[in-house]
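Working notes, structure below.
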Amino acid sequence: MDKIIIEGGHNLKGVVRISGSKNAALPVLFSTLLTDDKCLIANVPDLKDIDATLELLEFFGKKVKRVKDTIEISGKIASVIAPYELIKRMRASFLVSGPLLARFKKARVALPGGCAIGVRPVDIHLEGFSKLGADVKVEKGYVVMDSRNLKPAYLHLRFPSVGATENMMMTASLIDGRTVIHNVAHEPEIVDLADFLSKLGVKIQGAGTDTVTVHGRNKLHGACHRVIPDRIETGTYLIAGAISGGNIVVDDCIPEDVKTVISKLICAGFKVKRENNSIHITGGRGNKIKPVNVTTETYPGFPTDLQAQWMALMCIADGRSVVRENIFENRFLHVGELQRFGAKLRIKGDSVIIEGKSKLSSAPVMVSDLRAGAALVLAGLVAEGKTVISRVYHLDRGYEHLEKKLQKLGAKIHRISD
Ligand code: EPZ
3 MDKIIIEGGH NLKGVVRISG SKNAALPVLF STLLTDDKCL IANVPDLKDI
53 DATLELLEFF GKKVKRVKDT IEISGKIASV IAPYELIKRM RASFLVSGPL
103 LARFKKARVA LPGGCAIGVR PVDIHLEGFS KLGADVKVEK GYVVMDSRNL
153 KPAYLHLRFP SVGATENMMM TASLIDGRTV IHNVAHEPEI VDLADFLSKL
203 GVKIQGAGTD TVTVHGRNKL HGACHRVIPD RIETGTYLIA GAISGGNIVV
253 DDCIPEDVKT VISKLICAGF KVKRENNSIH ITGGRGNKIK PVNVTTETYP
303 GFPTDLQAQW MALMCIADGR SVVRENIFEN RFLHVGELQR FGAKLRIKGD
353 SVIIEGKSKL SSAPVMVSDL RAGAALVLAG LVAEGKTVIS RVYHLDRGYE
403 HLEKKLQKLG AKIHRISD
């Protein structure tokens with residue numbers, strides 16, 4: 003098991019290039035199951051979750067070839083069964099259910115189960131599938147769906163679930179006619195998926211708003227697509243610059259996608275300058291970091307995937323702040339680890355009260371989930387001494403070349419294999 007060692011106290015300086023978005027690439031890659039034609043997907047990051055997705059596509063019969071950051075996917079698919087051994091590795095694998103149901107009018111997909119941050123049910127997905135005409139049963143840990151014919155429908159999601167929105171859009175893409183989905187997620191990853199589905203031949207309106215209309219067709223053709231930059235990686239590096247008193251430029255990103263994070267950083271006293279595809283952040287160490295409260299919301303609110311990273315920054319702010327988690331029920335596993343750095347913070351219901359004014363000192367810590375891991379790396383950048391972070395495989399799921407990118411910015415960080 004690898005470990006990451008960070009020697010804290012070095013200001014970051016320079017330019018970091020943002021990779022393609024994990025959470026945009028996953029649904030786009032799964033959407034290639036909707037056609038047998040060749041698809042070329044560019045700007046795909048080199049991540050464990052992408053590897054797991056490509057293995058799943060090959061399991062279904064796709065030929066997959068990676069040339070640098072471009073993935074070529076082609077070929078017929080055969081299986082309608084997605085086994086638990088494959089699904090349990092990555093929850094997002096449940097996104098195969100929409101394409102399989104749409105292609106074969108039936109599917110047998112293992113329930114993904116929960117993860118460190120919550121139970122993460124899929125009831126909204128299943129309700130949508132049945133509204134589209136599938137007979138949905140759950141038996142022996144599998145979702146078993148069958149339908150003589152799927153039909154266009156009016157759907158209303160009880161919560162704007164990102165994954166459920168993506169599954170409904172993919173399924174409706176192969177249903178001839180007009181499907182309207184209300185109360186959908188607005189995330190940029192949804193807009194990127196809609197962009198790809200349109201290139202496959204689907205007419206889609208309203209992506210990025212409350213209501214998406216999908217004019218599906220019986221057969222779709224192949225397409226080329228370039229995945230959008232990763233807004234969560236963008237926010238993570240902005241906070242890395244902030245916490246280390248640095249002066250960094252985050253390049254190849256979409257500033258609009260992190261506008262809420264930028265405004266929070268400005269409230270905390272940082273100077274943040276937006277160009278059209280880069281963001282320059284300065285400030286920090288010399289001038290005090292103002293405490294700023296955050297409540298996580300669906301897009302365009304403050305992203306739950308940056309909650310842990312923001313909490314790390316607030317540990318060294320000049321006063322008390324409150325971080326409220328509104329999306330997941332158990333996304334505070336990083337609190338105990340931040341306390342090991344000497345930070346003063348405590349959980350109170352769905353919030354964490356951070357006293358701030360902490361002088362962090364290094365400690366051995368353990369990663370519980372992807373974004374909690376990012377928070378520990380950020381704390382390590384500013385903690386006095388050498389921090390040893392274990393279970394870093396969580397980080398490899400979502401941050402491409404993390405150490406290399408931070409080393410290039412002047413961080414004293416390296417990985418050792420146990
Ligand atoms: C996506 O997960 C992201 N993953 C998550 O990022 C992100 O945290 C989340 O959206 C929220 O923005 C990918 O895109 C691969 P949801 P998803 O369905 O689709 C509840 C990361 O770190 N819910 O919007 O699973 C659910 O329990 C990951 O990159 C139901 O109750 O999120 C949660 O409380 C972590 N029933 C809330 O909705 C359902 O059927 C949001 O979940 C579906 C969801």
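For the sequence shown, counting from 1, position 138 maps to 140 in my numbering; every step adds exactly one. Here a beta-carbon is modelled for each residue, glycine too, at the ideal position from N, C-alpha and C.
A distance below 7 angstroms separates the beta carbons of leucine 152 and leucine 134. When Cβ pairs closer than 8 angstroms are counted between the two stretches, the segment 354-361 is seen not to touch the segment 268-288, the count staying below three. Nearest to arginine 219 by alpha-carbon distance, out of Cys255, Met171, Gly412, is Met171. Within the segment 265-304, the complete beta strand (DSSP E) segments of 3 residues or longer fall at 273-276, 280-284, listed in chain order. Rounded to whole angstroms, isoleucine 183 and lysine 361 show a C-alpha spacing of 49 angstroms. Distance from the CA atom of methionine 92 to the CA atom of alanine 112, rounded to whole angstroms, is 11 angstroms.
Residue side-chain check: phenylalanine 304 keeps its Cβ at 6 angstroms or more from all non-hydrogen atoms of ligand 1. By the criterion of a C-beta distance shorter than 6 angstroms, asparagine 45 is surrounded in its chain by Gly22, Asp71, Arg228, Val229, once the five residues flanking it on both sides are discounted.
In the DSSP assignment, no residue is bridged to glycine 208.
Membership of glutamate 74 in the beta strand (DSSP E) is indicated by the continuous run 72-76.
Assigned with DSSP and collapsed to three states, serine 363 falls in strand.
The Cβ neighbour count for methionine 3, taken over all protein chains shown within 10 Å, is under 16; the residue is labelled exposed. Remark: C-beta atoms of alanine 385 and phenylalanine 343 approach each other more closely than 7 angstroms. Considered as a whole, the segment 104-129 harbours 108-112 as its complete beta strand (DSSP E) runs of no fewer than 3 residues, in chain order. Taking 6 angstroms as the cut-off, one finds no heavy atom of ligand 1 near enough to the beta carbon of aspartate 48. Short of 8 angstroms from the beta carbon of tyrosine 144, and not among the five residues preceding or following it, lie these beta carbons of its own chain, in chain order: Tyr86, Arg110, Val111, Ala112, Leu113.
If you check the CB distance, lysine 292 and histidine 282 do not come in under 7 angstroms.
The three-state reading of DSSP puts tyrosine 401 in coil, since its state is none of H, G, I, E or B.
Assigned with DSSP and collapsed to three states, asparagine 25 falls in helix. By the beta-carbon neighbour count (other beta carbons within 10 angstroms, threshold 16), asparagine 169 is buried. For the 7 angstroms CB-CB criterion, tyrosine 156 and valine 18 do not form a contact. Between lysine 205 and histidine 217, the beta carbon gap of about 4 angstroms places them in contact (Cβ cut-off 8 angstroms). By the beta-carbon neighbour count (other beta carbons within 10 angstroms, threshold 16), aspartate 125 is exposed. Counting other Cβ atoms within 10 Å of its Cβ, cysteine 255 reaches 16 or more and is therefore classed as buried. In this structure, histidine 336 sits away from alanine 270, with a CB-CB distance that is not shorter than 7 angstroms. With contacts defined as CB atoms closer than 7 angstroms, isoleucine 75 and valine 69 fail to qualify as a contacting pair. Beta-bridge analysis with DSSP links alanine 376 to no other residue. Annotation for serine 353 indicates a beta carbon at 6 angstroms or more from all heavy atoms of ligand 1.
In terms of side-chain proximity, the C-beta atom of histidine 184 is found no nearer than 6 angstroms to any non-hydrogen atom of ligand 1.
Taking C-beta atoms under 8 angstroms as the contact rule, leucine 28 and threonine 55 qualify, at a distance of about 6 angstroms. Counting only the Cα atoms, phenylalanine 304 lies some 37 angstroms from aspartate 420. Relative to ligand 1, even the nearest heavy atom lies 6 angstroms or more away from the CB of aspartate 197. Counting along the chain, glycine 237 sits inside the alpha helix (DSSP H) bounded by residues 233-245.
Shown here, histidine 158 sits in a strand according to DSSP, grouped into three states.
Residue environment analysis places alanine 244 among the buried positions, since at least 16 neighbouring C-beta atoms fall within 10 angstroms of its C-beta. In the same chain as arginine 399, and ignoring 5 residues on each side of it, the C-beta atoms closer than 7 angstroms to its own belong to Leu49, Lys50, Asp51, Leu372, in chain order.
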